[in-house]
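Participant: I have a structure here, written as structure tokens, and I will follow up with some questions on it.
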Amino acid sequence: MAVAMVEDRRLVDSPTDSSSEQWHSVVTSADCRPDEGSEPFVAPGDLAGSPSFRLAFERAPVGMAILVIRPGKKLTVQEANQALGEALGWAPERLAGMELARLLHPEDRHRVLQGMAGLVAGGPALTAGSKIETRLLIENRRTAWVLLSATLLPPQPHEAGQLMCAFFEEVTPRHQTEQRLSHQGMHDALTGLPNRLLLVDRLRQAVARESRTDTVLAVLFVDVDNFKVVNDSLGHEAGDDLLIELAQRLRRHLRQSDTAARLGSDEFVVIVEDCQSEAQACALASRIAVDLALPCRLAETDVCVTASVGVALGKREVTAEELLRNADIAMHRAKHHGKNRAEIFDDELHARAVARLATEVQLRTALAQGQLRVFYQPILDLATGRIDGLEALLRWEHPTRGLLQPADFIDVAEQSGLIVPIGAWVLAEACRAAVAWQAGRAEPLTVAVNLSMRQL
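Numbering of the sequence shown is given in my numbering, commencing with residue 5 and proceeding in unit increments.
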């Protein structure tokens, strides 16, 4: 009988006996022993226990944890990897058995656990597209910002609860950078106080809260008197030092619920919530004015400045922007009445402010459309009775109010800056008139024109 045998995958014939009868057999074999280092077959339900998963879990550069939620129990850490332990300052073994809620910041717990519960209930996985940004509590009562994502694991043998794999990607440096940029965008770089953007936002919130309660909201508009003198005499660096010192003094008068902000240059605003009365707001304004007037050491020189403060009280129908404007109007009234004082806004002051704005607009039109007139009052030599000169007198021929005296509009012209072009126009008119009157006259003729300090 001939026997065919496989040797090294070759078919060979075996020796035969003398019989004429022959038959053939094929014999083959395979080495079924696992190669060294190969992974045994793992059923899908035992994924968490597979060597490849264990290796990835233990060596992952990001924090990972196997979480379990059993019927009637809270979400618990079954196992944590080394990266998560290092991030939290805990040994991974100590994290095992700890409730997840204990690791979450109190303000974030409800939101995060709701997301986890939704995942267990059949919601979508918390993958890269739906990560939760949250804070974890770490050693020494500090916090770490992480992006949390999770996915359910297949049912595991000998485990009645639902397992999930959670990933904790630390983003504390990025979050700190974002916070720093946000702070810079909302705060004054020199004093550290909130800037106009943050002030208006907080004021709107305060107005909204006031509308739902019976409390009084007060806004104080603080302007440093003659601040330009400090800049011009001691330099801008000294001026900056002064503003920093004044900002610190303002903070001394604030409660935790109050806000002080710098609008720019030498202007500050204080928001006072839960103010008891108008008298309380005015008393605070007076204390601030007194404190700001105390000497300040700048460039080896004691400098004293004063402040004008405008006070406006909130009303249910007044917006944040209107409240800020009203305080500004009251502050300008304080300056007009001599500075270094506080004034409170009222309806009469508002009416005057509206009238002043209307006068300013109409005065610009008057200058452009030739409604201004110059009248001349003779100056006589009493000994001879001759006219030695003239005084130019400005009048406004208003289309509806008639001929207006300077007292009706000069203050508005001064405050708005219109006094400069108006003064230049009066000078030009007076010169033309003087040239015309001087013709054929032997003695010189003088013309007197009243000028503003802003023109000199």
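Virtual Cβ for every residue (Gly too), placed ideally from N, Cα, C.
Note down, in chain order, each residue of its chain lying with its Cβ closer than 6 Å to the Cβ of A170, except the 5 sequence neighbours on either side.
Facilitator: Excluding residues within five positions, the ones whose Cβ falls inside 6 Å are A69, L71, A154.
Participant: DSSP beta-bridge partners for E103?
Facilitator: E103 pairs with T80.
Participant: Mark P177 as exposed unless 16 or more other C-beta atoms lie within 10 angstroms of its C-beta, in which case mark it buried.
Facilitator: P177 should be labelled exposed.
Participant: Are at least three pairs of beta-carbons, each pair with one atom in the region 335-347 and one in the region 288-308, less than 8 Å apart?
Facilitator: A contact exists between the region 335-347 and the region 288-308.
Participant: Taking L197 as the reference, give the member of A210, L99, L258 with the closest Cα.
Facilitator: The shortest C-alpha separation from L197 is found at L258.
Participant: Could you pull out every unbroken beta strand (DSSP E) segment of at least 3 residues lying fully inside the region 367-395, listed in chain order?
Facilitator: Whole beta strand (DSSP E) segments, 3+ residues: 376-384.
Participant: Going along the chain, which unbroken runs of the beta strand (DSSP E) with 3 or more residues stay wholly within the region 410-456?
Facilitator: Taking only runs of at least 3 residues, the beta strand (DSSP E) segments lying wholly in the region 410-456 are 450-453.
Participant: D332: buried (16+ other C-beta within 10 angstroms of its C-beta) or exposed?
Facilitator: Buried, because 16 or more other Cβ atoms sit within 10 Å of the Cβ of D332.
Participant: In three-state terms, what does DSSP make of L327?
Facilitator: It is helical.
Participant: DSSP three-state call for Q166: helix, strand or coil?
Facilitator: Correct three-state label for Q166: strand.
Participant: For E97 and A84, what's the separation of their Cα atoms in angstroms?
Facilitator: For E97 and A84, the distance between alpha carbons rounds to 7 Å.
Participant: Going along the chain, which residues of its own chain have a beta-carbon closer than 6 Å to the beta-carbon of D192, five neighbours each way excluded?
Facilitator: Excluding residues within five positions, the ones whose Cβ falls inside 6 Å are N199, R266.
Participant: So, does the region 309-318 touch the region 218-225, judging by three or more C-beta pairs under 8 Å?
Facilitator: Yes, since at least three Cβ pairs between the region 309-318 and the region 218-225 fall closer than 8 Å, the two stretches touch.
Participant: Could you compute how far the alpha carbon of L455 sits from the alpha carbon of R255?
Facilitator: For L455 and R255, the distance between alpha carbons rounds to 43 Å.
Participant: Using beta-carbon positions only, say whether L302 and L238 come within less than 8 Å of one another.
Facilitator: For L302 and L238, yes; Cβs fall inside 8 Å.
Participant: Is the beta carbon of V150 less than 8 Å from the beta carbon of V116?
Facilitator: No. Outside cutoff.
Participant: For E364 and F413, I'd like the C-alpha separation in whole angstroms.
Facilitator: Roughly 8 Å between the two C-alpha positions.
Participant: Within this structure, are the beta carbons of L108 and T80 separated by less than 8 Å?
Facilitator: No, these two residues do not count as a Cβ contact at 8 Å.
Participant: May I ask you to verify whether the region 404-413 touches the region 385-394, counting CB pairs closer than 8 Å and requiring at least 3?
Facilitator: With the cut-off at 8 Å, the region 404-413 and the region 385-394 do not touch.
Participant: Helix, strand or coil, according to DSSP, for C461 in the structure here?
Facilitator: Residue 461 falls outside the range modelled here, since the chain spans only 5 to 460, and no answer is possible.
Participant: Is the separation between the beta-carbon of M168 and that of L156 shorter than 8 Å?
Facilitator: Their beta carbons are under 8 Å apart, which means M168 touches L156 by this criterion.
Participant: Can you check DSSP and say which residues form a bridge with L117?
Facilitator: None; L117 has no bridge partner.
Participant: Starting from E282, follow the beta strand (DSSP E) in both directions and report where the run begins and ends.
Facilitator: No beta strand (DSSP E) holds E282; the alpha helix (DSSP H) holding it covers 282-296.
Participant: Helix, strand or coil for L460, going by three-state DSSP, please let me know.
Facilitator: DSSP places L460 in coil when its eight states are reduced to three.
Participant: Check each candidate in A438, E325, Q366, E418 and name the one with the smallest Cα separation from V378.
Facilitator: It is A438 whose Cα lies nearest to the Cα of V378.
Participant: Considering Cα atoms alone, identify which of A91, A121, M190 is closest to N144.
Facilitator: Looking at the Cα atoms, A91 is the closest of the given residues.
Participant: Could you tell me the distance, in whole angstroms, from the CA atom of H340 to the CA atom of I136?
Facilitator: Roughly 56 Å separates the two Cα atoms.
Participant: Cβ of W400 within 8 Å of Cβ of L422?
Facilitator: Going by C-beta atoms, W400 is not nearer than 8 Å to L422.
Participant: Are L371 and W429 close, meaning C-beta to C-beta below 8 Å?
Facilitator: Yes, Cβ-Cβ distance for L371 and W429 is below 8 Å.
Participant: Return the chain-ordered ranges of every beta strand (DSSP E) run that is complete within the region 166-238 and spans a minimum of 3 residues.
Facilitator: Counting only runs of 3 or more, we get 166-174, 220-228.
Participant: Tell me the DSSP secondary structure of F349 in three-state form.
Facilitator: Three-state DSSP puts F349 in coil, outside helix and strand.
Participant: Which residues in the same chain have their Cβ closer than 8 Å to the Cβ of L384, if we skip the five residues on either side of it in sequence?
Facilitator: Answer for L384: R390, I391, D392, listed in chain order.
Participant: So, at 6 Å on beta carbons, what are the nonlocal neighbours of N330 in its own chain, with the 5 sequence-adjacent residues on each side left out?
Facilitator: Hits under 6 Å: A316, F349.
Participant: Helix, strand or coil for L92 per DSSP?
Facilitator: Correct three-state label for L92: helix.
Participant: At the 8 Å Cβ level, is E321 part of the contact set with chain D, yes or no?
Facilitator: The question asks about chain D, but that chain is absent: this structure has only one protein chain.
Participant: According to DSSP, E137 sits in a beta bridge with which residue or residues?
Facilitator: Its beta-bridge partners are L151.
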